[in-house]
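**Student:** Below you'll find the structure I mean.
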Amino acid sequence: MKENLFIGSTKTLFNNALESLTTTHIAFCFDDNYAMPASIAMSSVILNNPDKNLVFHLFANNVSSEKITRFNQFNKENITIIFYEISDNFSINPDTLVLHVSASTCLRFVVPQILNKVTSRVLYLDCDVLCTNNLNELINIDLSNKYAAVVPDVEKTQEKQCVACDVPYGEYFNAGMIYINTDMWVQNNLTEKAFAMINSGKVYKFADQDVLNILMQGKTVFSPKRFNYLTALTVGGKEDNLIGDDAVIIHYVTGNKPWYKLYLTPLYQRYLASSPWANDKLLLANEKAPSTTRRYAKLLVSQHKYFSACKYYLLYLKHKTFKKH
């Protein structure tokens, strides 16, 4: 498989490093819709890891030049940002992209293959995460003869996906955080194997996550859930306030994302405020899920905020009417 797989061009926004600090490589993969949350996740990493040089490898699939330019706001003495523009020949079997999975998540198959030239260790993170503590404990995990350090998924997912992927119960991991040994990955040709599986015609419920669980079985280090703390937000909720102070990575699973006004939490607001999107107006909710607006209206009624409830219910009706047409 070619080393430049799916990479159309590479652009270094800036390259800064302090000789006194060690370097950590971190990768994100996203399309235009996820540029904002990617920047907020990066903001949280930067604020909690001032003790290291951070090299961000951003695999961008059809991201506008205007949004790419915004990342220049991270130009600091210990930060490097490299953009990898994805070429037009990148494609994933659409039949396996169910739930809210996008093709861009499968770009993580490319990351270790490309980055092995510069580092033997890379931390892959989904865009819907926050880093709320220093990464030192995670990046010091011994990966000798292991593909990666991962965190097991929740029990409900284990029950279904362990059977579907023929993985021992308790060993199905969530792929939103993977600390990867790129040497082992390349030696075992996982990139080519992963793309062959995802494009074979077989439908994997959790797409790239299922594929990685099958390929990496028995060769991972299972880490405490504080390194990929899965949390599901509810309308008007503040679920991340219930997470222990020792959490390192908080991962907002489900379609209820904290960069929507209905789900914005004080913790997420803090990191949003230090990101390049700090002054942008947030969308109310995911446009594909207008029912969240109706649920928010019900919440406001329960709080006796009737005027606001009426406003949001009218928004729900408007959205629903336009969707029909």
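Residue numbers (numbering that gives the first Met the number 0): 0 to 324. Idealized CB from N, CA, C, for every residue including glycine.
Assuming residue 150 and residue 132 are in contact, meaning their beta carbons sit under 8 Å apart, how far apart are those beta carbons, in whole angstroms?
**Tutor:** The sequence position of residue 150 within the sequence shown is 151, counting from 1. The sequence position of residue 132 within the sequence shown is 133, counting from 1. Incorrect: roughly 15 Å between the Cβ atoms, too far for contact.
**Student:** Pull up the CB-CB distance for residue 137 and residue 5, whole angstroms please, since I reckon it's below 8 Å.
**Tutor:** Working through the sequence shown from its first residue, we reach residue 137 at position 138. Working through the sequence shown from its first residue, we reach residue 5 at position 6. Actually they do not touch by this definition, with Cβ atoms about 28 Å apart.
**Student:** Excluding the 5 residues preceding and the 5 following residue 86 in the sequence, name in chain order all residues of the same chain whose CB lies nearer than 7 Å to its CB.
**Tutor:** Counting from one through the sequence shown, the residue named residue 86 turns up at place 87. Excluding sequence neighbours, residue 86 sits near 5, 6 and 7.
**Student:** Comparing C-alpha positions only, which one of 222, 39 and 47 sits nearest to residue 147?
**Tutor:** As a first step, residue 147 must be located in the sequence shown, where it is residue number 148. The shortest Cα separation from residue 147 among 222, 39 and 47 belongs to 222.
**Student:** Terminal residues of the continuous alpha helix (DSSP H) containing residue 269?
**Tutor:** As a position in the sequence shown, residue 269 is number 270, starting the count at 1. Per DSSP, residue 269 belongs to the alpha helix (DSSP H) from 265-271.
**Student:** On the three-state DSSP scale, how would you describe residue 33?
**Tutor:** Position 34 of the sequence shown, counted from the first residue, corresponds to residue 33. In this structure, residue 33 counts as helix in the three-state DSSP scheme.
**Student:** Do residue 168 and the ligand SAH come close, with the Cβ less than 7 Å from some heavy atom?
**Tutor:** Although the ligand SAH was asked about, the structure shown includes no ligands whatsoever.
**Student:** From the DSSP output, in three-state form, read off residue 100 for me.
**Tutor:** Within the sequence shown, the letter at position 101 stands for residue 100. Annotation note: pLDDT 46 at residue 100 (below 50); position unreliable, coordinate value reported separately. DSSP places residue 100 in coil when its eight states are reduced to three.
**Student:** For residue 244, which of 176, 232, 228 and 257 has the nearest alpha-carbon?
**Tutor:** By one-based count along the sequence shown, residue 244 stands at place 245. By alpha-carbon distance to residue 244, the top candidate from 176, 232, 228 and 257 is 228.
**Student:** If I measure Cβ to Cβ from residue 33 and keep anything under 6 Å in the same chain, skipping five residues before and after, which residues do I get?
**Tutor:** Start at 1 with the first residue of the sequence shown, and residue 33 comes out as number 34. Within the same chain, residue 33 has close Cβ partners 126.
**Student:** What span of residues does the beta strand (DSSP E) with residue 328 cover, start to end?
**Tutor:** No information on residue 328 is available, as it lies outside the stretch 0 to 324 that the chain covers here.
**Student:** Identify whether residue 12 lies in helix, strand or coil by the three-state DSSP scheme.
**Tutor:** Along the sequence shown, one-based indexing puts residue 12 at 13. If DSSP states are grouped into helix, strand and coil, residue 12 belongs with the strands.
**Student:** Taking the continuous alpha helix (DSSP H) assigned at residue 120, which residues delimit it?
**Tutor:** Counting from one through the sequence shown, the residue named residue 120 turns up at place 121. Where residue 120 is concerned, there is no enclosing alpha helix (DSSP H), although the beta strand (DSSP E) it sits in stretches over 120-124.
**Student:** If we require 3 or more residues per run, which beta strand (DSSP E) segments fall completely within the stretch 206-258?
**Tutor:** Counting whole runs of 3 or more residues, the stretch 206-258 contains the beta strand (DSSP E) stretches 219-221, 228-230 and 248-251.
**Student:** Relative to the C-alpha of residue 206, which residue among 64, 163 and 241 is closest?
**Tutor:** For the purposes of this step, residue 206 is identified with residue 207 of the sequence shown, where counting begins at 1. For residue 206, the nearest C-alpha among the options comes from 163.
**Student:** Mapping DSSP to helix, strand and coil, what is residue 173?
**Tutor:** Taking the sequence shown and counting its residues from 1, one reaches residue 173 at position 174. Looking at residue 173 - three-state DSSP - the assignment turns out to be strand.
**Student:** Note down, in chain order, each residue of its chain lying with its Cβ closer than 8 Å to the Cβ of residue 185, except the 5 sequence neighbours on either side.
**Tutor:** Within the sequence shown, numbered from 1, the residue matching residue 185 stands at position 186. Contacts found: 111, 112 and 115.
**Student:** Exposed or buried, which one is residue 165 when buried takes at least 16 other CB atoms within 10 Å?
**Tutor:** Taking the first residue of the sequence shown as position 1, residue 165 is located at position 166. Burial call: exposed.
**Student:** Evaluate residue 169 with the Cβ neighbour count: other Cβ atoms within 10 Å of its Cβ, from every protein chain shown; 16 or more gives buried, anything less gives exposed.
**Tutor:** Residue numbering aside, residue 169 sits at position 170 when the sequence shown is read from its first letter. Residue 169 should be labelled exposed.
**Student:** By the 10 Å Cβ neighbour count, where 16 or more other Cβ atoms means buried, how is residue 30 classified, buried or exposed?
**Tutor:** Residue numbering aside, residue 30 sits at position 31 when the sequence shown is read from its first letter. With 16 or more Cβ atoms within 10 Å of its Cβ, residue 30 is classed as buried.
**Student:** One question on the structure: do residue 70 and residue 12 come within less than 8 Å of each other, judged by their Cβ atoms?
**Tutor:** To locate residue 70, count along the sequence shown from 1; it is residue 71. To locate residue 12, count along the sequence shown from 1; it is residue 13. With contacts defined by Cβ atoms closer than 8 Å, residue 70 and residue 12 form a contacting pair.
**Student:** In or out: residue 257 buried (at least 16 other Cβ within 10 Å) or exposed?
**Tutor:** Taking the sequence shown and counting its residues from 1, the one referred to as residue 257 is at position 258. Result: buried.
**Student:** Looking at C-alpha atoms only, which residue of 49, 203 and 179 is the closest neighbour of residue 139?
**Tutor:** The count along the sequence shown starts at 1 and reaches residue 139 at position 140. Residue 179 is the option with its Cα nearest to residue 139.
**Student:** Who pairs with residue 55 in a beta bridge, going by DSSP?
**Tutor:** By 1-based counting over the sequence shown, the position of residue 55 is 56. Looking at the DSSP assignment, residue 55 forms a beta bridge with 25 and 80.
**Student:** Assuming residue 284 contacts residue 261 under a Cβ cut-off of 8 Å, what Cβ separation, rounded to an integer in Å, is found between them?
**Tutor:** Taking the first residue of the sequence shown as 1, we reach residue 284 at position 285. Taking the first residue of the sequence shown as 1, we reach residue 261 at position 262. Going by Cβ atoms, the distance from residue 284 to residue 261 rounds to 5 Å, so yes, they are a contact pair.
**Student:** From 301, 277 and 292, pick the residue whose C-alpha is nearest to that of residue 335; which is it?
**Tutor:** Outside the displayed span of the chain (0 to 324) sits residue 335, for which this structure offers no information.
**Student:** Within 10 Å of its beta-carbon, does residue 272 have 16 or more other beta-carbons around it, so buried, or fewer, so exposed?
**Tutor:** Counting from 1 along the sequence shown, the entry for residue 272 is found at position 273. By the neighbour-count rule (16 or more Cβ atoms within 10 Å), residue 272 is not buried but exposed.
**Student:** Taking the continuous alpha helix (DSSP H) assigned at residue 284, which residues delimit it?
**Tutor:** As a working mapping, residue 284 is identified with position 285 in the sequence shown. Per DSSP, residue 284 is not a residue of any alpha helix (DSSP H), being assigned neither H nor E.
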